[in-house]
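Engineer: Protein chains in written order, with this note's numbering: chain P, 161 to 394; chain D, 2 to 251.
We put the beta carbon where it would ideally sit given N, CA and C, even for glycine.
The model shown is predicted, which means the values in this text are computed figures rather than measured ones.
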Amino acid sequence: MQVGVFAAYQLPPPPTVLEAGAALARRGLLLQDVGATVARVVAGFAIGGVAAIVLGTITGLSRRAERTVEPTLQAIRTIPTLAWAPLLLLWLGVDEPPRITLVAIGAFFPVYVNLVAGILGVDRKLVEVARVYALGRAEIARRVVLPASLPSLFTGLRLGLTQSWLFVVVAEFFGASGGLGFRLTDSQQSSRVDLMFVALVCLAVLGKASDMVLRAIEGRALRWRDVLATERPA
Amino acid sequence: MSTPLRLAAIRKRYDAVEVLAGIDIEVAASEIVAIVGPSGCGKSTLLRLVAGLDTDYEGEIRIGERVVRGPDRAVGVVFQEPRLFPWLRLDRNVAFGLEDHASPRAAALVRDTLEVVGLTAFSNALPKELSGGMAQRAALARALVTEPQVLLLDEPFSSLDAFTRMRLQEHLLAAWARYRPTLVLVTHDLDEAVYLADRVILLTDRPARVADVLRVAPARPRDRRDPSLLGLRVALLEALHLEGSALVGR
C-alpha cells in the first residue's frame, strides 16, 4: 500500500489509522472524545441558535430594536470570533462554560444574519394579504413573516452548525481534558500522527452526518418551496 | 348581508403628484361595478384605499353607515396575483382570513367555498402544484370565505389566457350569486367590464376623476355576443380614446 512519497510518520497508511482508532476505542477513549465533542456542539449550537432566533426575530420585526441592537452586533461581528477564546477562558474559567460559549458565538452569527435578512426580504404582497384581514402585527409576524423566512433560517442554521464544529475544535485546543480537538493537540505533542488522523476522520464523519440530519429536517419543513431543490425526487 | 359602498370626494396625492382628484362613487348593495380607465390612472390606488392598505387620503369611505379608514373585516380583496401563502395547503390558505381558522366550522366554510370555485379536489394541494387559473380561483375562495360585504378585485384575471379568463368570470358570477357581495372590479378588459358589471365607471387619466358612468342593461345570464354589450364596448372604447387624445394633447 505504501507509495513512499510521504514518510509513514507524516501520512500514515489507512490500515495504521484504523488500527490506532480501534486501539483508542478499546481503551474507551474514542467514545469519550466523540461524546465530549458532540455534547459541546449540541449545547453550543442550541444556545447560540435559540439566541439568534429570538434576537433575529425581534430586530427583524422592529425597526427600533434594529436601530438599538444592530450597530453593536455588527461591531462585535467584525471581531474574528476565535479572538474571543482567550478572553472567555479568563472570564469563565477553564471548564465547560467557555468552550460552550465559544461554540454558541460561532453558531449565533450565521443564524442571526440569515434570519434577519430573510425577515426583511419577505414579500410585501403576502404581508398585504394579512393586513387586508386586519390582523395585528404579532399575528402577521407569526402567520406570515416567520414562515416566509424559514428558508433563510435553515440556511443560517446549516452555516451555524458548520461553524459550531469549527469552534468546538478550537475550544478544545485550550486546555480541554477530552474531545476530538484535545485529541488532536495531545497527539501532536506525542507525535502520534495516526491518532491525529483518527480525530480528523471522526470530525469529517460527524460534520457530514449532522449536516445531513439538518438537511433532512429542512427538506421536510420546506417541501412547499417551488425551487430547484424541491423539484428533485427525494 | 350586503351593504352599499360610498366613496365621497376621495383625493389622493403622492408627494407633488395628484393621483385622485375627488372621486365620488356609490355602489348599491350587491351591485357589480367595474372601474376602467387609462393605464396608470389610479384605478388600483383607489381600490387600495378602499381595502384599507393606504390610509393617507382625503375624503370619506363608507360601508353601509360606517365610515372606514384602514383594513376592515367587511372587505375582501382579490389581487392581480393570487398571493397564496406558499407554505399552506389550499384549505389552510382559504381559511387564512377566518378568525377561527383552525376550527371545524372553518373547515366546513372552506369546503363550501372551494366547491363554489370548483377546487374541492385540490383542497390538500400546495400552491406550487396549481395552475395560474386555479391559483386565482383559490384566491377568490379565500376572499369569499369570510363572506365580506364588499368584495374588491384588482385586475384579477389579467394574467390569464382568454379561455381561462372567461371560465373565471363564470366562477366569479357564480360566487357573487351565492354570497351576493357588493362588488367592485378594476379591469382594463372592456369585454370583461361590460359582461360582468351592472355599471361601468370610466375614470379620466391622472389625476383621475369620474369621466362617465355606463349602465349595462341586459339581465344575467348574459350572452357574450349580445349586440348591446358590443355597443357598450364600442362606446367605452371611444370614451377611452378621447381620454387618450386628451393625454396626447397635454
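1) Compare the C-beta of L203/D with all C-beta atoms of chain P and state if any pair is closer than 7 Å.
2) Report yes if the C-beta distance between A140/D and E61/D is below 7 Å; otherwise report no.
3) Is the separation between the beta-carbon of T205/D and that of A35/D shorter than 7 Å?
4) Residues of chain D with CB closer than 8 Å to the CB of K285/P, please, in chain order.
5) Using only the alpha-carbon positions, how far apart do A212/P and D73/D sit?
6) Quick one: residues in its chain with C-beta nearer than 6 Å to the C-beta of L115/D, no 5 flanking neighbours on either side, listed in chain order?
7) Roughly how many angstroms separate the alpha carbons of K44/D and V37/D, rounded to a whole number?
8) Am I right that A144/D and V78/D are in contact with their C-beta atoms under 8 Å? What's the rounded C-beta distance?
9) On the CB-based measure, 16 or more other CB atoms within 10 Å of its CB, does P149/D come out buried or exposed?
10) Could you check what DSSP says for G23/D in three-state terms: helix, strand or coil?
11) Using a C-beta to C-beta distance shorter than 8 Å, which residues of chain D count as neighbours of E288/P?
12) Using a Cβ-Cβ cut-off of 6 Å (strictly less than) and excluding sequence neighbours within five positions of A254/D, which residues of its own chain qualify?
13) Please list, in chain order, the residues of the stretch 94-118 of chain D that have any C-beta partner in chain P closer than 8 Å.
14) Which residues, taken in chain order from the stretch 262-282 of chain P, show a beta carbon closer than 9 Å to some beta carbon of chain D?
15) Can you tell me whether D213/D is helix, strand or coil according to DSSP?
16) Report yes if the C-beta distance between Y169/P and V353/P is below 7 Å; otherwise report no.
17) What alpha helix (DSSP H) runs, 4 residues minimum, are completely inside the stretch 195-268 of chain P?
18) Candidates L388/P, V387/P and V329/P: which alpha carbon is nearest V367/P's?
19) For A369/P, decide whether its Cβ has a neighbour in chain D, counting only Cβ atoms nearer than 7 Å.
20) Is it right to say T217/P is buried, meaning 16 or more other beta carbons lie within 10 angstroms of its own, or is it exposed?
21) Grouping DSSP H, G and I as helix and E and B as strand, with all else coil, what is V187/D?
Structural biologist: Here's the rundown:
1) no
2) no
3) no
4) F80, E82 and R84
5) 35 Å
6) T121, S124 and A142
7) 7 Å
8) 6 Å
9) buried
10) strand
11) L54, F80 and R84
12) Residue 254/D lies beyond the residue range present for chain D, which begins at 2 and ends at 251; the question has no answer from this structure.
13) F97 and G98
14) none
15) strand
16) yes
17) 223-237 and 244-252
18) The displayed chain sequence assigns Gly, not Val, to residue 367/P. Measuring from the Cα of G367/P, the nearest candidate turns out to be V329/P.
19) no
20) buried
21) strand
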